[in-house]
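Comments concern the structure below.
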Amino acid sequence: MKSNMLTMVASLTLIAGGMGALLGVVHDATAEPIAKAQELAKAQALEAVLPPMDNGMTKDPIEITVEGDTRPVQLYPAFDNGNPCGAAVETWTMDGFSGEITVMVGFNANGEISGFKVLQSAETPGLGAKADEWFRSEVVNDEPSTGATAKNKRSIIGTKDELKVSKDGGQIDGITAATITSRAFLDAVNRARRAYNQYSMIND
Numbered sequence: 042m043k044s045n046m047l048t049m050v051a052s053l054t055l056i057a058g059g060m061g062a063l064l065g066v067v068h069d070a071t072a073e074p075i076a077k078a079q080e081l082a083k084a085q086a087l088e089a090v091l092p093p094m095d096n097g098m099t100k101d102p103i104e105i106t107v108e109g110d111t112r113p114v115q116l117y118p119a120f121d122n123g124n125p126c127g128a129a130v131e132t133w134t135m136d137g138f139s140g141e142i143t144v145m146v147g148f149n150a151n152g153e154i155s156g157f158k159v160l161q162s163a164e165t166p167g168l169g170a171k172a173d174e175w176f177r178s179e180v181v182n183d184e185p186s187t188g189a190t191a192k193n194k195r196s197i198i199g200t201k202d203e204l205k206v207s208k209d210g211g212q213i214d215g216i217t218a219a220t221i222t223s224r225a226f227l228d229a230v231n232r233a234r235r236a237y238n239q240y241s242m243i244n245d
């Protein structure tokens, strides 16, 4: 009986060791492709959100910690003919329904949002992608009974102020049935704006 028990323990130890080694091999094999894919996604996001520029952006981002935070954001200054023309900010929020959301937000030289791209979201499947579309479009509602046309404010493009969803007395209509995600997204964008403002004050 004791011999059988020792044999079982030894077998389980070997299996566990083998599984650990296999997981290590899989991790090593996938870590580099995942890292490359993430870098490509970031580069594409930077290109998509920034205003037109001739000589690109600073390769190494500037870390900026906004007041009240302990974790920094990454800011990428952009230049046109050697002059600052805006920046992209890789920002974050931990207030999503399912945790962290990271967003790349672009600003032009006037401090207006020139574009954005959701980089990572653990929200309900589809909500991260929906935020990418929802907050860049304006929707016009026709009211046949009165002949009136009302425009719902969704787009954050071109805005310069701190943003809140309309349910909180703000000016931006949140994603239908996804108020928590909408608030979290705008929290990340506001964090990016505060970081950009800090950078602009230092470099004016």
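Here my numbering is used: the first residue of the sequence shown is 42, the next is one more, and so on. Where a beta carbon is used, it is the ideal one built from N, C-alpha and C, also for glycine. Nothing here was measured: the structure is a model prediction, and the numbers come from that model.
Residue 226: member of the alpha helix (DSSP H) spanning 220 to 244, first to last residue.
Shortest Cα-Cα distance from residue 92 to any of 148, 86, 171, 81 involves 148.
Between the stretch 219 to 236 and the stretch 133 to 149 there are three or more C-beta pairs closer than 8 Å, enough to call the two in contact. Contact between the stretch 118 to 131 and the stretch 230 to 239 is present, with at least three C-beta pairs closer than 8 Å. In the DSSP assignment, residue 159 is bridged to 144.
Taking the C-beta atoms as reference points, residue 156 is found no nearer than 7 Å to residue 84.
Residue state for residue 128 is assigned as strand, using DSSP reduced to three classes.
By the Cβ-count criterion, residue 87 is buried, with 16 or more other Cβ atoms from all chains shown falling within 10 Å of its own Cβ. Here DSSP, grouped into helix, strand and coil, assigns residue 204 to coil. Residue 175 places its beta carbon 7 Å or farther from that of residue 142. For residue 102 against residue 81, the beta-carbon gap comes to about 16 Å, at or over 8 Å, which does not count as contact. When secondary structure is reduced to three states using DSSP, residue 115 falls in the strand class. Residue 154 is positioned such that its CB atom lies no closer than 7 Å to that of residue 177.
Judged by DSSP in its simplified three-state form, residue 153 adopts coil rather than helix or strand. The Cβ atoms of residue 244 and residue 203 lie no closer than 7 Å to each other.
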